[in-house]
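Residues are numbered in the numbering used here as their position in the sequence shown, beginning at 1, plus a constant of 1467. In what follows, a structure is listed as structure tokens, so that the remarks can point back to it.
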Amino acid sequence: MIQSSRLITMIEIAVMTAIAVVLDRWILFQMPQGGSVTLVMVPIAILAFRRGLVPGLVCGLLTGILLLIFSGYVVHPVQAILDYPLAFGLLGLSGVIRLQSYASRIAKVLMAGAGLLIAGGLRFLAHYLSGIIFFASYAPEGQPVYLYSLIYNLTYILPQILLSLIVLGLLIYSAPQLVLKQR
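Pasting the structure below:
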């Protein structure tokens, strides 16, 4: 039984990673120097909520590595790590919230929002640091680079978090079996 559960978890990690990479290509809004609003967070968060922290982290890490390989923009090896494996791996931290322990759907949606804010906030931090360290030259003259990186990265990460929450909320209400682990 344990082997079967591990196999199912590994299959879900592979499937959700593939879905995340595909959804990252479906760009709703593109920033001029990189970063975009997509649904990439949704499958990573679903897996983290269904299977927990470690599978969520693995899915996010694999997604980041694949995005780096397929479409990465690299100016320095540390920047590549910050903007891809680390940033997307951190999305798996939404799994610190165990949605199954909440009875009502509204509580599940609110807690999913908390998980997405935690994970999205940490992802933002990775991109923010990368922006300060490696993309300071893009800041308009006279604007502090920390402010530029803050505004630039919030412009696409915050809408991505909100959009992901809307999609997850709809899934929790209409198809909870996709988000919540069945007993």
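Where a beta carbon is used, it is the ideal one built from N, C-alpha and C, also for glycine.
Beta carbon proximity, residue i to chain B, threshold 7 Å
i	result
Gln1546	Of the chains in the structure shown, none is chain B; there is only one protein chain.
Candidates the options: closest to residue i by CA position
i	options	result
Ala1554	Ile1532, Ala1579, Phe1537, Ser1631	Ile1532
Ala1570	Leu1647, Ile1469, Ser1472	Leu1647
Pro1510	Ser1471, Tyr1623, Leu1560	Leu1560
Ala1642	Arg1572, Ile1585, Met1508, Leu1490	Arg1572
Gly1562	Leu1630, Cys1526, Asp1491	Cys1526
Tyr1540	Pro1626, Leu1514, Pro1499	Pro1499
Ile1600	Leu1635, Leu1528, Val1542, Phe1537	Val1542
Leu1635	Gly1501, Thr1622, Lys1575, Tyr1615	Lys1575
His1594	Thr1476, Leu1514, Tyr1551, Arg1492	Tyr1551
Val1488	Tyr1615, Gln1497, Ile1536, Leu1524	Ile1536
Ala1515	Ile1585, Tyr1605, Leu1534	Ile1585
Leu1637	Asn1620, Ala1579, Ala1481, Thr1530	Ala1579
Thr1476	Leu1524, Gln1497, Leu1490	Leu1524
Gln1567	Leu1490, Asp1491, Trp1493, Gly1519	Gly1519
Phe1602	Glu1608, Ser1616, Gln1610	Ser1616
Residue i versus residue j: straight-line alpha-carbon distance, rounded
i	j	result
Leu1495	Val1504	5 Å
Gln1470	Ala1581	32 Å
Ile1618	Gln1546	19 Å
Arg1473	Tyr1613	43 Å
Ala1512	Leu1596	23 Å
Pro1626	Tyr1640	21 Å
Ile1478	Ala1485	11 Å
Gly1502	Gln1644	31 Å
Leu1528	Val1521	10 Å
Arg1517	Arg1590	20 Å
Ile1480	Gly1556	12 Å
Leu1577	Leu1621	21 Å
Arg1565	Gly1609	45 Å
Tyr1623	Gln1497	8 Å
Ile1633	Leu1490	15 Å
Nearest-angstrom beta carbon gap, residue j and residue i [assumed within contact, 8 Å]
i	j	result
Met1508	Leu1558	6 Å
Ser1654	Leu1592	Residue 1654 lies beyond the range of the chain shown here (1468 to 1650); nothing can be said about it.
Gly1587	Ile1628	4 Å
Which of helix, strand or coil DSSP assigns to residue i
i	result
Ser1503	strand
Gln1610	coil
Phe1602	coil
Arg1518	helix
Ser1571	coil
Val1545	helix
Gly1539	coil
Arg1565	coil
Ala1642	coil
Bridge partner(s) assigned by DSSP for residue i
i	result
Gln1497	Ser1503
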